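Below: one structure, written as structure tokens.
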Amino acid sequence: MRFVQIMKDKAKEYHNRLVLPEATEARTLRAARMLVDQQIPAELFLVGKKAEVEEACKKVGVTTDGFTIINPEHSEWTEDFAVALYEKRKAKGMTPEEAKKEMHDPLRFGAMMLAQDKADAMVAGAENTTANVLRAGLTIVGVKKGVKTASSCFIVDTKSTEWGTNGVLIFSDSAVIPNPTAEQLADIATAAAESYRAFVGHEPVVALLSYSTKGSGGDKDESLIKVREAVKLLDERKVNFCYDGELQLDAALIPEVTDRKAPGSPIRDKVNTLIFPDLNSGNIGYKLVQRFAKADAYGPFMQGFAKPLSDLSRGCSTEDIVVTAVVTLVQAGKK
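Numbering (our numbering), first residue to last: 1097 to 1431.
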């Protein structure tokens, strides 16, 4: 839990605004109460009809003190948000009436709060599916300039200074893209590097992983070719972080193995960000470390969006929501 406390301290310092669009969901309301009581967000928005939110709070046993409740159907922002959505989506056939109707949906209204700089971070998914959260993010918030891919990462605290930076690594992508292309892998690496800077406050050192190291697996397997192409794309983009690939896990993490398999690698004995070639390996990888090595794994956290938003598991606990909100607020950066 040491990482969580570090994140809470950072979130308090950064003092960003948080929007929670699932405003009548019991776990969300308990988390909102904890966040406000700990003075973590600068402002906490709940999106929903005031009477319904107040009734839900009463049932859960939390007060509304410190909450800003916004009715998406009657907010002073609704009309402007609908116009903004229409302008963004009219080329796809959206009408002004459809845009206004969409802005009555709390999730999409919350996403537009991010897009219009009325909030700095959003957390949802206790009720909504991952597909709905991602759709709102992609169609309304959009991705960062120079990035075409929204992806995810897990923060893994091994609690051993042997690995990463003070034991902390990022694993990506472990939750979103099943079989990324070379371009998507390059985007994932770039976004994960930015996530490491934001979350941990240290320079990212990125390894693009494979079952092969520097050509040892031959040149016919498409999965190897795409990792090599991703590395070339990073070369062409002249990214501002240190990276290498393709590398087997031991070649990335164990200096003696690096010296044998990838002599001269710029990431020797420094790796803190692991990029997996597909979702199978990324998801299995973080769970292996979590279960066998008793590491703490936090996430998934979305990355690559123009503004930070996070998706929860519908089986999440109140504490899960608190931690996710705290990390997402940190992801928004210092004002």
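The C-beta atom is built at its ideal place from N, Cα and C for all residues, glycine as well.
Treat the numbers as computed from the prediction; the structure is a model and nothing was measured.
Given residue i as reference, the closest of the options once Cα atoms are compared
i: Leu1404; options: Ala1278, Arg1293, Asp1216, Phe1372; result: According to the sequence displayed, residue 1404 carries Pro and not Leu. Among Ala1278, Arg1293, Asp1216, Phe1372, the Cα nearest to that of Pro1404 is on Asp1216.
i: Glu1332; options: Val1302, Arg1364, Glu1279; result: Glu1279
i: Asp1416; options: Asn1275, Arg1123, Ala1285; result: Arg1123
i: Val1422; options: Met1190, Tyr1394, Lys1334; result: Tyr1394
i: Met1305; options: His1298, Arg1293, Ile1321, Ala1294; result: With the sequence shown as reference, residue 1305 is identified as Leu, and Met is not the correct amino acid for it. Checked all of His1298, Arg1293, Ile1321, Ala1294; the closest Cα to Leu1305 is Ile1321.
i: Val1264; options: Tyr1292, Gly1238, Thr1420; result: Tyr1292
i: Pro1300; options: Gly1260, Lys1383, Ile1350; result: Gly1260
i: Glu1193; options: Ala1207, Leu1384, Asp1176, Arg1231; result: Asp1176
i: Leu1281; options: Tyr1339, Ala1232, Lys1196, Ala1428; result: Tyr1339
i: Glu1121; options: Gly1144, Thr1254, Ile1166, Lys1197; result: Gly1144
i: Val1367; options: Gly1378, Val1149, Pro1351; result: Pro1351
i: Leu1345; options: Asn1336, Arg1387, Asn1379, Ser1308; result: Ser1308
i: Phe1250; options: Lys1383, Leu1329, Lys1184; result: Lys1383
i: Gly1411; options: Asn1224, Arg1324, Asp1315; result: Asn1224
Beta carbon of residue i nearer than 9 Å to that of residue j
i: Leu1343; j: Ala1271; result: no
i: Gly1313; j: Val1327; result: no
i: Asp1269; j: Lys1244; result: no
i: Leu1114; j: Leu1425; result: yes
i: Leu1116; j: Phe1099; result: no
i: Met1398; j: Leu1181; result: no
i: Lys1430; j: Glu1109; result: yes
i: Pro1137; j: His1111; result: yes
i: Phe1295; j: Gln1427; result: yes
i: Leu1330; j: Ala1389; result: no
According to DSSP, residues forming a beta bridge with residue i
i: Met1218; result: Val1115, Leu1405
i: Val1239; result: Phe1401
i: Asp1253; result: Val1264, Asp1392
i: Asp1340; result: Ala1303
i: Arg1143; result: One point to set straight first is that residue 1143 is Val, not Arg, in the sequence displayed. Its beta-bridge partners are Ile1166.
i: Leu1370; result: Phe1267, Ala1303
i: Ser1247; result: Gln1399
Presumed contact (8 Å Cβ cut-off) between residue i and residue j, rounded CB distance
i: Val1302; j: Thr1226; result: Wrong, their Cβ atoms sit about 25 Å apart, outside the cutoff.
i: Gly1381; j: Phe1372; result: 6 Å
i: Ser1247; j: Ala1220; result: Contact flag wrong, Cβ pair sits at about 17 Å.
i: Ala1402; j: Val1179; result: Not confirmed; about 19 Å, so no contact.
i: Cys1153; j: Leu1131; result: That belief does not hold up - the Cβ atoms of Cys1153 and Leu1131 are roughly 14 Å apart, past 8 Å.
i: Lys1357; j: Ala1347; result: 4 Å
i: Ala1222; j: Leu1408; result: 5 Å
i: Ile1236; j: Met1208; result: 5 Å
i: Gly1378; j: Phe1267; result: 6 Å
i: Thr1160; j: Glu1148; result: No, Thr1160 and Glu1148 are not in contact; Cβ-Cβ is about 12 Å, not under 8 Å.
9 Å Cβ cutoff, residue i in contact with chain D
i: Leu1181; result: Considering every chain present, this structure includes no chain D. It has just one protein chain.
Own chain residues within Cβ distance below 6 Å of residue i, not counting five before or after
i: Thr1257; result: Gly1263
i: Arg1129; result: Val1158
i: Gly1297; result: none
i: Ala1195; result: Ala1178, Leu1181, Tyr1182
i: Val1353; result: Asp1346, Ala1347
Sequence-distant residues of the same chain with beta carbon closer than 8 Å to residue i, five excluded per side
i: Asp1355; result: Arg1364
i: Ala1391; result: Val1252, Asp1253, Thr1254, Lys1255, Val1385
i: Lys1146; result: Ile1165, Asn1167
i: Gly1233; result: Ala1207, Ala1246, Met1398, Phe1401, Leu1405
i: Asp1201; result: Pro1168
i: Thr1277; result: Lys1322
Cut-off 7 Å between Cβ atoms - residues of its own chain near residue i, not counting five sequence neighbours on either side
i: Ala1127; result: Thr1414, Ile1417, Val1418, Ala1421
i: Asn1228; result: Leu1203
i: Glu1198; result: Leu1181, Arg1204
i: Asn1336; result: none
i: Pro1174; result: Before going on, a small fix: residue 1174 reads as Thr here, not Pro. Excluding residues within five positions, the ones whose Cβ falls inside 7 Å are Pro1168, Met1199.
i: Lys1214; result: Trp1173
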